[in-house]
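Step one of this worksheet: look at the structure below.
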Amino acid sequence: MDDEKIIELFFGRSEQAIRELEAKYGKFLQRLSYNILNNRQDAEECVNDAYLGAWNAIPPAKPNPLLTYICKIVRNLSLKAYHKKTLKRNGNYTIAMEEIQDCLADKRTVESEIDAKTLAHIIESFLDTLTAENRIIFMRRYWFSDSYKDIAELTGLGEKNISVRLTRIRGKLKEYLFEREVLV
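Okay, so the sequence shown: first residue is 4 according to this note's numbering, each after it adds one.
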């Protein structure tokens, strides 16, 4: 079923909307949440909470694209659960955030210099400078928290190649942030 029809079901307050959303995106959403939480039960709970969140928000919201909308809900709920439960520090999310933390320097410094929306805009501009493949690699690692192995399978590249590319991308990001005086 296409996204517009699913949204129409939400607007009609049909419970079929949740079933269709789950059938179309459920596995993807579970993986996104699991990559952050490293716990299947907690991931399932976050995805179910996201379905409820979508139910409560649509209508009046009419998200386009639906996948991005529901992913954002799942990711935010998963991050809240992650921070609340302080899970083991070996999950993909923790490792990915530790990797990129050097690019952002001291969190307080960044927050005092610019607000989060400005930083997001700068990072979006940086992503525009990357090739499509490197942009996918970066987003899969730092937004979806995919492992090197998962990204390698997705792109057809080796894990070592993914590791090297991410190291180079982080270096370019750090340089980009210095040039824009985000980092001092």
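Idealized CB from N, CA, C, for every residue including glycine.
The alpha-carbon separation between M142 and I172 amounts to approximately 11 angstroms. Rounded to whole angstroms, the separation of the alpha carbons of L122 and K83 is 21 angstroms. Taking one beta carbon from each stretch, the segment 41 to 52 and the segment 71 to 86 have 3 or more pairs nearer than 8 angstroms; the two touch. By the C-beta density criterion, R144 is buried, having at least 16 other C-beta atoms within 10 angstroms.
Counting along the chain, no alpha helix (DSSP H) covers N42, and no H or E run does either.
DSSP places N67 in the coil class of the three-state scheme, outside both helix and strand. L133 and S17 have their C-alpha atoms roughly 42 angstroms apart. In the three-state scheme derived from DSSP, where H, G and I count as helix and E and B as strand, M4 is classed as coil. Shown here, R143 sits in a helix according to DSSP, grouped into three states. Pairing I125 with I165 gives a Cβ-Cβ distance that is not under 8 angstroms. Judged by their CB atoms, L32 and Y85 are not nearer to each other than the 8 angstroms cut-off. Linking D5 to P62 through their CA atoms gives a straight-line distance of about 17 angstroms. Annotation for E162: the continuous alpha helix (DSSP H) segment containing it runs 162 to 182.
The three-state reading of DSSP puts I76 in helix, counting H, G and I together.
The C-beta separation of I10 from K65 comes to about 6 angstroms, placing the pair in contact by the 8 angstroms criterion. Secondary structure at T134: coil, using DSSP grouped into helix, strand and coil.
Residues N137, I140 of the same chain have their beta carbon placed closer than 7 angstroms to that of R168, with the five preceding and five following residues left out of the count.
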